[in-house]
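FYI, the numbering for the sequence shown is 1 to 138, going by full-length UniProt numbering.
The beta-carbon is built from N, C-alpha and C at its ideal position, and this holds for glycine as well.
Below you'll find the structure, written out as structure tokens, and then a few comments.
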Amino acid sequence: MNSTRTSDTVKHFYGESTENAMVERKYKNAIDSNYLLKIDKFETVSESIAHHCSYFPRAEEAANIAQELYESLNNQLVNESFRLIDLKVDYIDPTFEVLVKIQLKFCRENHDKLISLQNYFPPNDSLVDNKVQEVYKK
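Put into structure tokens, the structure is as follows:
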């Protein structure tokens with residue numbers, strides 16, 4: 001009986017040392033280590049999520065304050081824009097009609113100034129007119 005027991009022990013010891021048994025043990029060890037790494041990573045991520053979740057209420061409060069401020073300023077702009085449009089000065093108004101009116105005013109003022117200067121020149125001097133025409137022809 002002793003020899004049978006010894007041979008079974010030796011057979012069992014060397015039987016598990018085959019290549020398949022070693023590969024199987026390596027595979028189990030790899031799976032176990034991979035499993036432990038995944039659990040550790042999950043715990044780290046869950047701790048990180050719990051840590052970042054504490055920021056959410058503050059961020060939500062800041063977003064609400066920003067939204068209220070935006071709505072307040074937007075309403076103020078919408079309500080006051082009509083009053084500002086009514087207060088505009090005509091010569092600042094960038095429309096075509098106003099631009100033409102400004103040019104007309106400018107031309108009239110300058111035309112009046114030129115007419116007032118006409119009094120300082122002799123009336124219809126044909127000699128001077130002829131000389132000017134000759135210069136133009138040259």
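query	result
To test your reading of the DSSP string, which unbroken alpha helix (DSSP H) runs of 4 or more residues are found completely within the region 32–102?	56–86
Taking the alpha-carbon positions, what's the I102 to T95 distance?	11 Å
Would you kindly work out how many angstroms separate the C-alpha atoms of S48 and A66, rounded to a whole number?	27 Å
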